[in-house]
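Numbering (mature numbering (1 follows the signal peptide of the UniProt record, and there is no 0)), first residue to last: -22 to -1, 1 to 242.
C-beta atoms are modelled at their ideal positions from N, C-alpha and C, and glycine is treated no differently.
Bear in mind the structure is a predicted one, so any value in this text is a computation, not a measurement.
Input: a single structure, listed below in structure tokens.
See the structure below:
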């Protein structure tokens, strides 16, 4: 699967960044391109979930947020700015199923996205026609307020994707996977990842499972029916030793960017 080599190549940037920071390990960071330890899901329950392809190859996840707009991680499309090479696919539980293909009109990357620090890791994709009117393709509501996160929080979130399901073989899942996650207190996340790495444009979550990664880069973190995060990065160990990191959708600079481009 092309996505895997893409994530591995991208991880080099974070390795280099790590070498410049005291006490930061050089081998922990990897774009979260997989769900390990999740369970099979049905697209009917996650109609906002899209597969993003570049030149026909599965690359990342994306999320429907409006009749013509989807979100993904900026790092997914940063090196592929030509919308003609990108397509979005929805409505199918399986990668090789009868999905609906959507051609892309334009890609707008957050103006303050930093490809080194992964700050503001968000891109908006506008399609040439509408998502509406297609079976099992529907937008998810955006969160407008940041969640109140505490160590006793009972909010359960879900992340979905078609990433690797076995890290030993790099075998990709043909069937959509889902993993349950809970928010991690920001201070705890910063302490576990190093204070200057996790910023206010990011939100952290962790699975109760010891072998669940965050999911496809660009995929959703949905909590109580609202989109709170876009999968950004995590640990290459693919376990629960450290939280997964998501672009923080309700954070003011992120939410303002979405509104300015889409009106949503």
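In chain order, what residues of the same chain lie with their CB nearer than 6 angstroms to the CB of residue i, ignoring the 5 residues before and after it?
| i | result |
| --- | --- |
| residue 235 | 88 |
| residue 61 | 82, 84, 85 |
| residue 245 | Lying before the first or after the last residue shown, residue 245 is absent from the chain, which here runs from -22 to 242. |
| residue 124 | 228 |
| residue 80 | 66, 105 |
| residue 201 | 133, 135 |
Given residue i, which residues of its chain have a CB within under 8 angstroms of its CB, disregarding the five upstream and five downstream residues?
| i | result |
| --- | --- |
| residue 41 | 26, 27, 28, 48, 49, 50, 118, 196, 197, 198, 205, 208 |
| residue 17 | 155, 156, 157 |
| residue 19 | 71, 138, 153, 154, 155, 156 |
For residue i, does the count of other Cβ atoms within 10 angstroms reach 16, so buried, or fall short, so exposed?
| i | result |
| --- | --- |
| residue 98 | buried |
| residue 186 | exposed |
| residue 35 | exposed |
| residue 169 | exposed |
| residue 210 | buried |
| residue 33 | exposed |
| residue 151 | buried |
| residue 44 | buried |
| residue 225 | buried |
May I have the straight-line CA-CA distance separating residue i from residue j, to the nearest angstrom?
| i | j | result |
| --- | --- | --- |
| residue 128 | residue 63 | 42 angstroms |
| residue 39 | residue 242 | 20 angstroms |
| residue 229 | residue 137 | 19 angstroms |
| residue 165 | residue 219 | 16 angstroms |
| residue 180 | residue 77 | 31 angstroms |
| residue 176 | residue 105 | 31 angstroms |
| residue 130 | residue 59 | 42 angstroms |
| residue 100 | residue 65 | 17 angstroms |
| residue 221 | residue 213 | 8 angstroms |
| residue 96 | residue 56 | 11 angstroms |
| residue 30 | residue 24 | 15 angstroms |
| residue 183 | residue 93 | 22 angstroms |
| residue 135 | residue 107 | 30 angstroms |
| residue 163 | residue 116 | 31 angstroms |
| residue 167 | residue 159 | 14 angstroms |
| residue 4 | residue 110 | Only weak support exists for where residue 4 lies, its pLDDT of 35 falling under 50; the value from the coordinates is given anyway. Rounded to the nearest angstrom, the two C-alpha atoms are 44 angstroms apart. |
| residue 203 | residue 223 | 19 angstroms |
| residue 121 | residue 46 | 18 angstroms |
| residue 178 | residue 231 | 9 angstroms |
| residue 126 | residue 161 | 9 angstroms |
| residue 174 | residue 54 | 23 angstroms |
Who are the near neighbours of residue i in its chain, counting only those whose CB is closer than 7 angstroms to its CB and skipping five residues on each side?
| i | result |
| --- | --- |
| residue 113 | 69 |
| residue 22 | 114 |
| residue 239 | 86, 102 |
Do residue i and the ligand FAD come close, with the Cβ less than 8 angstroms from some heavy atom?
| i | result |
| --- | --- |
| residue 55 | In terms of ligand content, the structure shown is empty, and the ligand FAD therefore cannot be addressed. |
What does DSSP give as the partner residue(s) for residue i in the beta ladder?
| i | result |
| --- | --- |
| residue 79 | 67 |
| residue 120 | 205 |
| residue 47 | 104 |
| residue 18 | 155 |
| residue 72 | 153 |
| residue 32 | 35, 64 |
| residue 111 | Looking at the DSSP assignment, residue 111 forms no beta bridge with any residue, so it has no partner. |
| residue 211 | 223 |
| residue 199 | 137, 207 |
| residue 42 | 48 |
| residue 96 | Per DSSP, none; premise fails for residue 96. |
| residue 185 | 159 |
| residue 84 | 104 |
Check whether chain D comes within 9 angstroms of residue i, counting only Cβ atoms and requiring the distance to be less than that.
| i | result |
| --- | --- |
| residue 213 | Looking for chain D here will not work: only one protein chain is present. |
Exercise for the section: Could you say if the region 66 to 82 and the region 225 to 240 meet the contact criterion of at least three C-beta pairs nearer than 8 angstroms? Expected result: A contact between stretches requires three or more CB pairs, one per stretch, nearer than 8 angstroms, and the region 66 to 82 fails this requirement with the region 225 to 240.
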